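Working notes, beginning with the structure itself.
Residue numbers (this note's numbering): 6 to 164.
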């Protein structure tokens with residue numbers, strides 16, 4: 006994106022949806038750069054800061070989970086591909102990788118029960134899927150051969 010196009014925020018319609026793809030190495034060091042690229046790709050939407058922060062939080066959590074779980078114990082992790090699109094039904098993401106499969110129970114896990122316990126007794130981590138589930142719609146995981154695919158819709162941009 007050149008400097009001249011950054012200042013121009015075209016009105017997006019269902020006839021001109023926003024579509025982008027980002028590919029990154031499956032390592033923590035690559036996540037920050039990918040988030041920056043996604044932020045740049047979302048700039049034409051002129052999302053309110055709060056909504057942009059929610060998108061970044063969700064994407065960062067998904068990417069960290071892929072790196073931590075799909076690519077753990079891999080001396081040479083593969084890549085993660087992110088396909089994003091925005092249209093009349095909101096912002097959609099598809100994350101694909103060739104790492105280990107996600108356990109089927111991971112998406113069924115609910116974090117509702119933890120709200121009534123002493124926070125000091127909670128383990129560190131393990132709450133990402135619950136957070137993602139609360140902030141997204143149509144969250145779905147599939148595995149075809151060696152390919153993991155996580156899709157979701159984030160309800161932003163409807164102001």
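We put the CB at the ideal spot given by N, CA and C, even for glycine. Everything numeric in this text was worked out from a predicted model, so none of it was measured.
Check: Give a yes or no on whether the C-beta atoms belonging to residue 99 and residue 154 are separated by under 8 Å.; Outcome: yes
Check: Rounding to the nearest angstrom, what Cα-Cα distance links residue 81 and residue 145 in this structure?; Outcome: 27 Å
Check: Are the region 87-103 and the region 19-38 touching, with three or more C-beta to C-beta distances below 8 Å?; Outcome: yes
Check: Report yes if the CB atom of residue 102 is closer than 8 Å to the CB atom of residue 85, and no otherwise.; Outcome: yes
Check: Using 8 Å as the Cβ pair cut-off and three pairs as the minimum, do the region 50-65 and the region 134-144 touch?; Outcome: yes
Check: Does residue 118 pass the burial test, meaning 16 or more other C-beta atoms within 10 Å, or should it be called exposed?; Outcome: Any reading at residue 118 must be qualified, since the residue scores a pLDDT of 45, below 50, and its modelled position is unreliable; no value is offered.
Check: Closer than 6 Å by C-beta to residue 46: which residues in its own chain qualify, once you throw out the five before and the five after it? Chain order, please.; Outcome: 25
Check: If residue 31 sits next to residue 104, beta carbons under 8 Å apart, how far is it from one beta carbon to the other, in whole angstroms?; Outcome: 7 Å
Check: With distances taken Cα to Cα, identify the nearest neighbour of residue 87 among 54, 150, 52 and 35.; Outcome: 35
Check: So for residue 73, helix, strand or coil by DSSP?; Outcome: helix
Check: Am I right that residue 40 and residue 162 are in contact with their C-beta atoms under 8 Å? What's the rounded C-beta distance?; Outcome: Between residue 162 and residue 40 the Cβ distance is about 18 Å, and since that is not below 8 Å, they are no contact.
Check: Which of the three DSSP states, helix, strand or coil, is assigned to residue 81?; Outcome: coil
Check: Give me, in chain order, the residues of the same chain whose beta-carbon lies closer than 7 Å to that of residue 90; leave out the 5 immediate sequence neighbours on both sides.; Outcome: 22, 23, 24 and 97
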